[in-house]
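There are 2 protein chains.
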Amino acid sequence: MPVSERKERERAERHRLIVSTARALAEAEGWEAVTTRRLAERIEYSQPVLYSHFRGKDEIVDAVALEGFAELATALRAAAGATDGPRAAITALARTYVEFAEHSPALYDAMFNLRSGLPFADEAAPAPLREGFALLLDSLGRVAGDVEPGLFTEVAWAGLHGLVTLTRAGRLPDEHTSRRIEVLVDLLTG
Amino acid sequence: MPVSERKERERAERHRLIVSTARALAEAEGWEAVTTRRLAERIEYSQPVLYSHFRGKDEIVDAVALEGFAELATALRAAAGATDGPRAAITALARTYVEFAEHSPALYDAMFNLRSGLPFADEAAPAPLREGFALLLDSLGRVAGDVEPGLFTEVAWAGLHGLVTLTRAGRLPDEHTSRRIEVLVDLLTG
DNA sequence: CACAAAATCTAGCGCTGCTAGACAATCGAG
DNA sequence: CTCGATTGTCTAGCAGCGCTAGATTTTGTG
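Chains as they are written, first to last, in my numbering: chain A, 1 to 190; chain B, 1 to 190.
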């Protein structure tokens with residue numbers, strides 16, 4: 001069935017186009033600028049076409065967030081390779097995490113700040129997200145001491161997330177970010 | 001001029017009514033339910049009246065946030081009184097902070113999660129906010145060791161804020177919150 | 001009581017996410 | 001090759017949003 005196959009391919013193509021356009025628009029002008037009308041105009045289709053691919057705008061945001069989880073996991077994977085002991089690995093992970101958030105703020109928003117219908121704290125959470133957490137767990141578990149590794153990792157993650165969000169919201173001056181990361185890593189590695 | 005004085009009082013009264021109604025509505029149904037129309041209906045005035053008190057909706061949110069800072073500072077002040085050493089004080093502060101956020105999620109949102117025109121990281125920041133930070137600084141500075149106390153406190157705050165936001169967004173299961181606080185306090189107090 | 005000033009409301013703008021129903025393109029059967 | 005049905009897409013519109021200009025009512029004063 002070559003005909004329907006081609007259609008399917010074109011449809012998948014357009015699906016990707018919607019997601020990447022939404023992401024680009026969000027990264028360029030912020031998520032508040034990503035409206036269904038503007039998005040439709042950019043992909044050169046009418047609004048209802050969006051709704052034949054996604055249940056609504058939120059689902060588009062979720063799709064972007066999913067891309068983000070995959071990319072963050074990739075970045076963390078690369079960073080976790082540090083061989084100079086757990087402390088170096090944790091520093092690299094922390095830096096990578098914060099840099100990711102700084103470099104792609106809209107992406108980070110989609111992943112963590114905007115309301116999302118994505119499952120999270122249970123086993124239905126998307127694989128890349130689980131992998132990202134597992135990468136943190138690998139390195140942090142080594143320095144958790146008596147503390148349950150999962151719990152320890154959650155607290156570490158919260159520290160990073162807190163730094164990222166408070167800085168981005170203007171609640172922390174962004175001058176000393178790297179020193180704050182150091183302080184956090186020092187705390188974590190005792 | 002008793003007439004204009006009475007008017008002024010009534011105006012101030014209505015001002016408070018707007019803020020408290022916005023807050024109550026947000027706490028009951030979330031900020032997305034706080035629209036200028038609904039708010040106007042609740043206070044039994046028409047929409048434009050809101051704009052004779054506030055530049056726009058954001059300024060109303062800021063006013064609610066300001067109330068929140070004052071209340072959080074009060075709560076932290078009460079908690080900081082622990083006399084069993086810095087560690088007990090820090091535990092009390094951390095618990096108080098998280099409980100505040102859990103108990104008044106909409107208020108916490110107004111303070112930290114919603115876009116705000118409030119000055120923050122500079123000397124123009126509202127007094128209660130500065131006091132809240134100073135309270136944290138008082139106790140945390142004692143255990144900061146070599147680290148600059150301000151920086152240390154910022155990292156601690158980020159940890160608390162991260163725990164709060166990740167939990168509330170469903171990113172962390174809310175079962176082990178108090179254990180996570182313990183872990184964080186353990187880290188901070190070495 | 002009449003008038004000026006102040007306070008308040010009605011009505012509307014341009015925008016949002018979303019959708020019903022009209023229309024056009026495409027495909028399979030005869 | 002044509003025709004009817006199916007699929008795909010678009011136009012137009014709904015209800016709601018933050019916000020505001022201008023009409024209207026209420027108020028205090030001479």
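All residues carry an ideal CB built from backbone N, CA and C; glycine is no exception.
In summary, the residues of the segment 152–172 of chain A whose CB is separated from some CB of chain B by less than 8 Å are Phe152, Glu154, Val155, Trp157, Ala158, Gly159, Leu160, His161, Gly162, Leu163, Thr165, Leu166, Ala169, Gly170, Arg171, Leu172, in the order they occur in the chain.
By the neighbour-count criterion, in which 16 or more other beta carbons inside 10 Å mark a residue as buried, B/Thr35 falls on the exposed side. Residues of the segment 34–63 of chain A that bring their beta carbon within less than 7 Å of a beta carbon in chain B are absent altogether. When the beta-carbon positions are compared, A/Ala158 and A/Met111 stay at least 7 Å from each other. Nearest neighbour of B/Arg180 by Cα position, chosen from B/Val155, B/Thr91, B/Glu32, B/Ala106, turns out to be B/Thr91. Short of 6 Å from the beta carbon of A/Glu13, and not among the five residues preceding or following it, lies no beta carbon of its own chain.
By the rule that beta-carbons nearer than 7 Å mark a contact, A/Phe100 does not touch chain B.
Residues of the segment 67–79 of chain B with a C-beta atom less than 9 Å from some C-beta of chain A do not occur. Burial state of B/Ala156 is buried, judged by a 10 Å Cβ sphere holding 16 or more other Cβ atoms. Listed along chain B are Leu151, each with a C-beta nearer than 7 Å to that of A/Arg179. Taken in chain order, the unbroken stretches of alpha helix (DSSP H) that lie wholly in the segment 18–66 of chain B and span 4 residues or more are 36–42, 47–53. Here A/Asp84 carries a coil assignment [DSSP, helix/strand/coil]. Taking the Cα positions, A/Leu151 is about 13 Å away from B/Leu187.
The DSSP assignment places no complete run of the beta strand (DSSP E) inside the segment 156–188 of chain A (cut-off: 3 residues).
Counting of Cβ neighbours within 10 angstroms places B/His103 among the exposed residues, the total staying below 16. Per the Cβ contact rule, the segment 162–169 of chain A is not in contact with the segment 13–25 of chain B (fewer than 3 Cβ pairs under 8 Å).
Within 7 Å of the CB of B/His176, the CB atoms of chain A belong to Leu151, in sequence order along the chain.
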